[in-house]
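Numbering (my numbering), first residue to last: 125 to 248.
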């Protein structure tokens with residue numbers, strides 16, 4: 125198995141965790157546990173949202189892994205508009221309780237990136 129060099133909590137989450145901790149601790153110190161309890165629950169939610177659990181990565185050179193935690197909701201043929209060719213599209217739905225950490229599903233080198241800004245809509 126290959127090593128997994130990532131921390132348990134994604135570095136992008138630390139500012140959010142720190143803010144939630146400071147607010148919860150401040151309310152707890154000022155107003156008591158009764159008022160702070162919902163904020164401590166928010167701290168737990170933020171920590172679990174930004175977790176990046178280690179993954180077992182097989183050594184098979186042609187292995188394809190899921191790029192994200194979640195549930196496969198569709199496997200269908202599609203047309204790749206970027207490379208102008210047929211492709212297999214596998215859709216993975218991530219709910220709020222899945223680890224929101226995206227990975228590269230195959231070995232390779234990123235040669236080009238396309239970015240199209242979108243809207244923040246619920247995935248369902």
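Yeah, the Cβ is synthetic: ideal placement off N, Cα and C, and Gly gets one too.
Excluding the 5 residues preceding and the 5 following residue i in the sequence, name in chain order all residues of the same chain whose CB lies nearer than 6 Å to its CB.
i: residue 189; result: 229
i: residue 170; result: 140, 141, 144
i: residue 237; result: none
Just to confirm the assignment, what range does the beta strand (DSSP E) spanning residue i have?
i: residue 198; result: 195 to 204
What do you get for residue i, buried or exposed, if any count of 16 or more other CB atoms within 10 angstroms of its CB means buried?
i: residue 198; result: exposed
i: residue 233; result: exposed
i: residue 125; result: Any reading at residue 125 is ruled out, since the residue's pLDDT is 46, under 50, leaving its predicted position unreliable.
i: residue 144; result: buried
i: residue 220; result: exposed
Only counting the same chain, and skipping five residues up and downstream in sequence, which positions put a Cβ closer than 8 Å to that of residue i?
i: residue 147; result: 163
i: residue 209; result: 203
i: residue 136; result: 174
By Cβ distance, which residues of its chain are closer than 7 Å to residue i, with the 5 residues on each side in sequence left out?
i: residue 218; result: 192, 193, 194, 224
i: residue 134; result: 174, 176, 225
- [ ] Counting only runs of 4+ residues fully inside the stretch 130 to 161, write out the alpha helix (DSSP H) ranges in chain order.
- [x] Whole alpha helix (DSSP H) segments, 4+ residues: 138 to 155.
TODO: Could you tell me which uninterrupted beta strand (DSSP E) segments, each at least 3 residues in length, are contained entirely in the stretch 166 to 243, listed from first to last along the chain?
DONE: 195 to 204, 209 to 217
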